[in-house]
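Chemist: Following this message is one structure expressed as C-alpha cells.
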C-alpha cells in the first residue's frame, strides 16, 4: 500500500477547509498542526506495509488515484478549462492506471514543455506507478514543474509529501525546508509549511534519527522524462 494517497487526502482537506469553507486564517496553524502531527505519528509508527495476519497473498484491485488527482486539482482554479491530455490522464489515474497516465502526460508535455500542472501530474503519476518510490524520473518531473513556474509551492509541496510517504524524512525536510526559505512571509501557505518543517525537525531529533528512514530495497521503475 502506498502512503501517498493518505497524505494527499490531508493536503486536499486543508485546501478545502481553508479556501472553500473559508476557515479563518487565525485558525490555519492549529488545523495544520493537527493534520501534520497526526499523520507524522501515523507514518512514523504505523505498519501499513505489513499484513495484518499470515495468509496467502491475494490479487489486489488497482489502486484508485482519486485522492492524488483531487489533491493536485485543489491547487488550481477549478473554473479554468483543462488541457485535454491532462483530463484524459486524470481519468486513467483515477482508475489506478498510473503508467498509462504517465505515458500520456509525457506525450502532452512534448508540446507543452512549460506546463506547470502537467509536470506536477507526471511526477505524481510516476510516484504512484512506482508504488510510492520517488524515482529519478519523478524527481525530474517535479523539478521541471518548479522551473515552469518559479515560486509556485505545488511542486515542492507534493515532492516533499512523496518523500515523507516513502519514509525518507531527511529528503522531505530538505525539500520543504528549501520551499520555506523561498516562501514570502505573507504567503498564505507559509504557516502550514512551517508546521510541517517543525514536525520533521522533531522527528529527526528523536532517538531513531540515526537509523535509515526510507526503504533500502526499492527497485525504481525504469522510466524517462523529456527534458
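Numbering (our numbering), first residue to last: 184 to 410. Glycine included, every Cβ here is placed at the ideal spot set by N, Cα and C. The model shown is predicted, which means the values in this text are computed figures rather than measured ones.
Would residue 327 be called buried (16 or more neighbouring beta carbons within 10 Å of its own) or exposed?
Modeler: When all chains shown are included, residue 327 counts as buried.
Chemist: Please state whether the Cβ-Cβ distance between residue 311 and residue 251 is less than 8 Å.
Modeler: Against a cut-off of 8 Å, the Cβ pair of residue 251 and residue 311 comes out as a contact.
Chemist: Starting from residue 376, trace the alpha helix (DSSP H) both ways and give me its first and last residue.
Modeler: It spans 373–387 - the alpha helix (DSSP H) in which residue 376 sits, taken as one unbroken run.
Chemist: If I follow the unbroken alpha helix (DSSP H) through residue 323, where does it start and stop?
Modeler: From DSSP, the alpha helix (DSSP H) with residue 323 extends over 319–331.
Chemist: Starting from residue 255, follow the alpha helix (DSSP H) in both directions and report where the run begins and ends.
Modeler: Counting along the chain, the alpha helix (DSSP H) containing residue 255 begins and ends at 249–256.
Chemist: When you compare only the Cα positions, how much space is there between residue 329 and residue 339?
Modeler: Taking the straight line joining both Cα atoms gives about 7 Å.
Chemist: If you reduce the DSSP assignment to three classes, tell me which class residue 260 lands in.
Modeler: Residue state, collapsed to three classes: coil.
Chemist: One question on the structure: do residue 359 and residue 343 come within less than 8 Å of each other, judged by their Cβ atoms?
Modeler: Closer than 8 Å, so yes.
Chemist: Taking its Cβ as the centre, do 16 or more other Cβ atoms sit within 10 Å of residue 257, making it buried, or is it exposed?
Modeler: That one is buried.
Chemist: Suppose you measure from the CA of residue 276 to the CA of residue 309; what does that come to, to the nearest Å?
Modeler: Between residue 276 and residue 309, the C-alpha separation is close to 10 Å.
Chemist: Could you spell out where the alpha helix (DSSP H) holding residue 270 opens and where it closes?
Modeler: 267–277 is the extent of the alpha helix (DSSP H) around residue 270.
Chemist: Within a Cβ cutoff of 7 Å, which residues of the same chain sit near residue 346, ignoring the five residues on either side of it in sequence?
Modeler: So the list reads 317, 354, 355, 358, once near-sequence residues are dropped.
Chemist: Could you tell me how far apart the beta carbons of residue 303 and residue 255 are, in whole angstroms, since I believe they sit closer than 8 Å?
Modeler: Sure, about 6 Å apart at Cβ, within 8 Å.
Chemist: CA-CA distance, residue 300 and residue 351?
Modeler: Rounded to whole angstroms, residue 300 to residue 351 spans 24 Å at the Cα level.
Chemist: To the nearest angstrom, report how far apart residue 287 and residue 278 are at their CA atoms.
Modeler: Using only the alpha carbons, I get a separation of about 14 Å.
Chemist: Should residue 314 be listed as close to the ligand ADP, given that the test is whether its C-beta is under 7 Å from any heavy atom?
Modeler: Here there are no bound small molecules, and the ligand ADP is not part of this structure.
Chemist: Please say whether residue 306 and residue 331 have beta carbons closer to each other than 8 Å?
Modeler: No. Outside cutoff.
Chemist: Give the secondary structure of residue 356 by DSSP, where H, G and I count as helix, E and B as strand, and everything else as coil.
Modeler: Looking at residue 356 - three-state DSSP - the assignment turns out to be helix.
Chemist: Helix, strand or coil for residue 364? Go by DSSP, reduced to three states.
Modeler: Helix, per DSSP.
Chemist: Tell whether a beta-carbon distance below 8 Å holds between residue 349 and residue 315.
Modeler: It is a contact, given that the beta carbons lie within the stated cut-off.
Chemist: Write down the C-beta distance between residue 363 and residue 377 rounded to the nearest angstrom, noting that I regard them as a contact closer than 8 Å.
Modeler: Sure, about 6 Å apart at Cβ, within 8 Å.
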